[in-house]
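In what follows, a single structure is set out as structure tokens and then discussed.
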DNA sequence: CTGAAAGCGCTAACAT
DNA sequence: ATGTTAGCGCTTTCAG
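Protein chains in written order, with this note's numbering: chain A, 141 to 490; chain B, 141 to 490.
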């Protein structure tokens, strides 16, 4: 790797002094307090003064010093979102939804991640706490409830699609067991009988989705033995597909779209087409994992509702609600082209 | 969408008082200043005192109030990273690299994004400025240099893989024109003559990559007319592939892996296999976009170096460097299985 | 090596 | 409707 380096011009030492409230007050001849109230749109200031202040502030390039403001007011107007994995589009979608609602309520959003590592997730959470953000939304995180709940006493925490045992937290989640059951039953209805599951392991909804798959299979009198995987990345899907190659099922329930996607691609490399040879259903209905028009049949967890409800719960907490809420959202089947009727099913309907 | 809601127990009003430095001082019988220095590992405190202080702090669950600390010290120990798109794994990889180096240097990382919208990117930048973070790394952002450069006077900003005209900023970038040329020449060497490009439009390296493609084609005496696309999402790839269906080339240079991936999937839906019928080369070598072992031939931009160099430049600025640096990293071809010799090329070598 | 005191920039409760 | 005052919790001189 060649690397061309060049030094260019130079500029101010880097730390030009920022304009303060005092500067604005001096420039307009009013008190600091009046400036503060003007700029924040609070009552108690004449319209004329407000105009002058606003103009002066702009001219001076004044920007509120948030640390100072937070220290004095004990509120920052910022909420933190901690996502489990930056690589999973599900989280990207969800944080889009969170931002939209948060911004509509005058809150700014900052992101953190633990890269699927519990200790680093915890550090991200502590960072937000140190910053004294107004609250945190945890999405798809793997941390244990025991570690998070004590923090909730100082700073409201809402868990989204994670922390199933966190009873002392506001929580909004998808009924993953139901979702996986719906996915499985969809394939069964299409006439498939040999159905495999690529599961997610212990993270987030992995267990519930596995349970949903197993229950649906048993209820249909089918064997739920073919289970591979143990993660939520596309590598999981690829590796799982390889394992399934030995005894190829006619359909696969993947624990997430990303996983399904990895499996589809890997199968293709082995000359196995989806849905031609194998039907594949994903989970999450995440935009990027299903980029190609309508390809991947999947389970939609209404992640936009997940996100907006999470912010709403957080805002309620900021407004003083002392109880904790639990919301379970019902998932939905989204039928696309990656699943088709079983070849035999077409003729004899079972 | 059914939604089950339930209210559960209730807990403290939410705002338990946090332990302060004063509390720790009182508990140990030393001054606040001594506590502060102990906890920060500064010299000037006896080892015995430090031990006692550390223990008391832990027992009290003390956590430094970062706003207060930032206000007093004018440093926060936090840097902000603004990424162009949460959905593109390239950014996820890059921010992984940034975090690693930053954390090794005692800096904590927070993320922001503008969702490919310039105004929202600007807001993210202002948020970081308001927070008085120590510096910001802009990766793949679409904001204009004019808007960013003034802010650099107050808070160091490093641009990564974006802002090509920002001469007053520290900048580290990949030579995208060279990269696209390498990609194109790779296909030409494989015997392809009808090569199309799915381009990225005006964002980040889109222009340079297009230029590299065009130059390489012209230099080889080939036509560079078949250019479709205009974005960096997988949808761009899918749509581009559809356009190319009419007059199918034997090879495609995509402006990013995500785009290549979208194209590959779309082609598959039309019964066209890669590399069987068409060779496809991507750009970025991003992990998630090439999940399946070794499939997608691509151009590696050494994003981990991009990320670590960016942090290093930022740290230099924090340590007082007044000049601005520009680093151009040379990309590298990564040959995998999505590109093969042109059928005719196999026989007559061109 | 330790303690006292000043102040970072802002907000909020008060007095005018 | 405006101005004054006292902190918020921490860091950092500067005496001891």
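Glycine residues also receive a C-beta, built at the ideal position from the N, C-alpha and C atoms.
Exercise. Got a sec: does the ligand ATP put a non-hydrogen atom nearer than 7 Å to the Cβ of residue 422 of chain B?
Worked result: Looking at this structure, you won't find the ligand ATP or any other ligand, since it has none at all.
Exercise. Just curious, the alpha helix (DSSP H) that residue 347 of chain B is in, first and last residue?
Worked result: Its alpha helix (DSSP H) spans residues 346-359.
For this session: Would you list the residues sitting across from residue 220 of chain A in a DSSP beta bridge?
Result: According to DSSP, residue 220 of chain A bridges with A/250 and A/276.
For this session: Below 6 Å CB to CB, which residues in the same chain sit around residue 429 of chain B once its five sequence neighbours on both sides are set aside?
Result: Because residue 429 of chain B carries a pLDDT of 43, less than 50, the predicted location of this residue cannot be relied on, and the following value inherits that uncertainty. So the list reads 229, 397, 398 and 401, once near-sequence residues are dropped.
Exercise. Are the Cβ atoms of residue 471 of chain B and residue 440 of chain B separated by less than 8 Å?
Worked result: The answer is yes: Cβ separation under 8 Å.
Exercise. Hey, would you say residue 336 of chain A sits closer than 8 Å to residue 392 of chain A, going by beta carbons?
Worked result: Cβ distance < 8 Å, so residue 336 of chain A and residue 392 of chain A count as in contact.
For this session: Report the three-state DSSP secondary structure of residue 227 of chain B (helix, strand or coil).
Result: The three-state secondary structure of residue 227 of chain B, taken from DSSP, is coil.
Exercise. How about the stretch 314-327 of chain A and the stretch 408-424 of chain A: do they share at least three Cβ pairs that are nearer than 8 Å?
Worked result: The stretch 314-327 of chain A, when compared against the stretch 408-424 of chain A, does touch it at the 8 Å Cβ threshold.
Problem set entry | Short-range partners of chain A found in the stretch 236-263 of chain B, where Cβ spacing is below 9 Å | Close to chain A, meaning a Cβ-Cβ distance shorter than 9 Å, are the following residues of the stretch 236-263 of chain B: 236, 239, 243, 248, 249, 250, 251, 252, 253, 255, 260 and 263.
For this session: Give the secondary structure of residue 208 of chain B by DSSP, where H, G and I count as helix, E and B as strand, and everything else as coil.
Result: Residue state for residue 208 of chain B is assigned as helix, using DSSP reduced to three classes.
Exercise. Is the number of C-beta pairs between the stretch 240-253 of chain B and the stretch 175-185 of chain B that are closer than 8 Å three or more?
Worked result: The answer is no - the stretch 175-185 of chain B does not touch the stretch 240-253 of chain B, with fewer than three Cβ pairs under 8 Å.
For this session: Tell me where the alpha helix (DSSP H) around residue 326 of chain B begins and ends.
Result: 316-329 is the extent of the alpha helix (DSSP H) around residue 326 of chain B.
Exercise. Going by other Cβ atoms of all chains shown within 10 Å of its Cβ, with 16 needed for buried, is residue 463 of chain B buried or exposed?
Worked result: With fewer than 16 other CB atoms across the displayed protein chains lying within 10 angstroms of its CB, residue 463 of chain B is exposed.
Exercise. DSSP puts residue 147 of chain B in a beta bridge; with which residues?
Worked result: For residue 147 of chain B, which the question treats as bridged, DSSP gives the partners A/465.
Exercise. Closest Cβ-Cβ distance between residue 397 of chain B and chain A: below 8 Å?
Worked result: No, because no Cβ of chain A sits closer than 8 Å to the Cβ of residue 397 of chain B.
For this session: Measure the C-alpha to C-alpha separation of residue 306 of chain B and residue 296 of chain B and round it to an integer number of angstroms.
Result: Spanning the two alpha carbons is a distance of roughly 13 Å.
Exercise. Alpha carbon to alpha carbon, what distance is there between residue 327 of chain A and residue 474 of chain A?
Worked result: Rounded to whole angstroms, the separation of the alpha carbons of residue 327 of chain A and residue 474 of chain A is 12 Å.
For this session: List in chain order: all unbroken beta strand (DSSP E) runs of 3+ residues lying wholly within the stretch 359-419 of chain B.
Result: Every beta strand (DSSP E) of 3 residues or more that sits fully in the stretch 359-419 of chain B is shown, in chain order, as 367-369 and 391-394.
Problem set entry | Beta-bridge partners of residue 298 of chain A, as assigned by DSSP | DSSP, once it has assigned bridges, lists A/277 and A/310 as partnering residue 298 of chain A.
Exercise. Would a check of beta-carbon distances place residue 348 of chain B closer than 8 Å to chain A?
Worked result: At a cut-off of 8 Å between beta-carbon atoms, residue 348 of chain B makes no contact with chain A.
Exercise. Going by other Cβ atoms of all chains shown within 10 Å of its Cβ, with 16 needed for buried, is residue 173 of chain A buried or exposed?
Worked result: Exposed.
Exercise. Residue 204 of chain B versus chain A: which residues are under 9 Å apart at the beta carbon?
Worked result: Against chain A, the beta carbon of residue 204 of chain B has neighbours under 9 Å at 270, listed in chain order.
Exercise. Between residue 417 of chain A and chain B, is there a C-beta pair that is closer than 8 Å?
Worked result: Any Cβ of chain B closer than 8 Å to the Cβ of residue 417 of chain A would place that residue at the interface, and such an atom is absent.
Exercise. How far does the alpha helix (DSSP H) with residue 283 of chain B in it reach, from first residue to last?
Worked result: For residue 283 of chain B, there is no enclosing alpha helix (DSSP H), as DSSP gives it neither H nor E.
For this session: State the Cα-Cα distance for the pair residue 202 of chain A and residue 215 of chain B, rounded to the nearest angstrom.
Result: Distance between the alpha carbons of residue 202 of chain A and residue 215 of chain B is about 19 Å.
Exercise. Under 8 Å Cβ-Cβ, which residues of chain B neighbour residue 372 of chain A?
Worked result: Within chain B, no residue has its beta carbon less than 8 Å from that of residue 372 of chain A; the closest one is some 12 Å off.
Problem set entry | Inter-residue spacing [alpha-carbon to alpha-carbon] between residue 490 of chain B and residue 266 of chain B | Residue confidence for residue 490 of chain B is low, a pLDDT of 32 falling below 50, so the modelled location carries little weight; the figure read from the coordinates is stated next. Distance between the alpha carbons of residue 490 of chain B and residue 266 of chain B is about 55 Å.
For this session: Return yes when the Cβ of residue 368 of chain B is within less than 8 Å of the Cβ of residue 383 of chain B, no when it is not.
Result: Cβ distance < 8 Å, so residue 383 of chain B and residue 368 of chain B count as in contact.
Problem set entry | Buried or exposed (CB count within 10 angstroms, at least 16 for buried), residue 311 of chain B | Classified as buried, residue 311 of chain B has 16 or more neighbouring CB atoms from the shown chains inside 10 Å of its CB.
Exercise. For residue 194 of chain B, which of helix, strand or coil comes out of DSSP?
Worked result: Helix at residue 194 of chain B.
Exercise. What are the residues of the stretch 467-480 of chain A that lie near chain B, defined by any Cβ-Cβ distance shorter than 9 Å?
Worked result: Taken in chain order, the members of the stretch 467-480 of chain A whose beta-carbon sits within less than 9 Å of a beta-carbon on chain B are 467, 468, 469, 470, 471, 472 and 477.
Exercise. Quick one: Cα of residue 468 of chain A to Cα of residue 446 of chain A, how far?
Worked result: C-alpha separation (whole angstroms): 9 Å.
Problem set entry | Residues, ordered as in the chain, of the stretch 274-287 of chain A that lie near chain B by beta-carbon distance below 7 Å | Sequence-ordered contacts of the stretch 274-287 of chain A with chain B are nonexistent [C-beta pairs closer than 7 Å].
Exercise. Leaving out five residues before and five after residue 321 of chain A in sequence, what residues of the same chain have Cβ atoms less than 8 Å from its Cβ?
Worked result: If we look at residue 321 of chain A and ignore the five residues flanking it on each side, its Cβ neighbours are 352, 353, 355 and 356.
Problem set entry | Burial state of residue 385 of chain A (16 or more Cβ within 10 Å) | Residue 385 of chain A comes out exposed.
Problem set entry | Pairwise C-alpha distance: residue 324 of chain A and residue 334 of chain A | Their Cα atoms are separated by approximately 11 Å.
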